[in-house]
Amino acid sequence: MSLLDRFADPKLIKGMPMGDKLMASLQVTILGMLVTFVVLMLLWGLIVIMTKVLTRKPKVKPVVTETTPAVQDQAVEEEDDEELVAVITAAIAASLSTSTHNLIVTNIVRVEDATPAWGKVGRIDQMNSRF
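Residue 198 is where the sequence shown starts when you use my numbering, and the numbers rise one by one after that.
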């Protein structure tokens with residue numbers, strides 16, 4: 198009869214020497230840690246697989262449509278761009294505690310926001326709750 202088989206029977210535990218009890222306890226502890234580690238590795242693998250499967254981006258063919266924008270629409274867009282540059286320049290000047298005359302904005306590039314939708318909603322809720 199192995200040490201773990203004797204350790205499983207409560208009647209035999211009382212008759213076991215202290216050294217056998219400690220060895221059996223150590224074996225049970227190591228076995229439990231091993232099982233836990235293996236299950237956690239399986240869960241990690243499943244999460245990696247699910248992440249790759251669920252975050253696949255479908256290939257979308259671009260749709261090209263012919264449009265002729267009106268001259269008035271182009272003028273409105275240019276005005277919006279100028280206003281946007283002015284607002285961004287003012288914000289940079291305010292954060293640097295300097296005048297807008299000391300700054301030259303040469304290029305503005307929109308950076309894609311990687312924040313998930315639930316993060317954006319959480320921020321909006323926090324901001325709205327403070328007012």
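Where a beta carbon is used, it is the ideal one built from N, C-alpha and C, also for glycine. As the structure is a prediction and not an experimental result, all values here were calculated from the model.
- The DSSP-derived three-state label of residue 212 is coil.
- Annotation: the continuous alpha helix (DSSP H) that includes residue 202 extends over 200–205.
- Collapsing the DSSP output to three states places residue 320 in a helix.
- By the 16-neighbour rule on beta-carbons within 10 angstroms, residue 283 is exposed.
- Note on geometry: alpha-carbon atoms of residue 280 and residue 312 lie some 26 Å from one another.
- Collapsing the DSSP output to three states places residue 244 in a helix.
- For the pair residue 221 and residue 240, the Cα-to-Cα distance works out to about 29 Å.
- In the three-state scheme derived from DSSP, where H, G and I count as helix and E and B as strand, residue 309 is classed as coil.
- Here the alpha carbon of residue 307 sits roughly 12 Å from the alpha carbon of residue 285.
- In the three-state DSSP reduction, residue 232 falls in the helix class (H, G or I).
- Rounded to whole angstroms, the gap between the alpha carbons of residue 290 and residue 301 is 10 Å.
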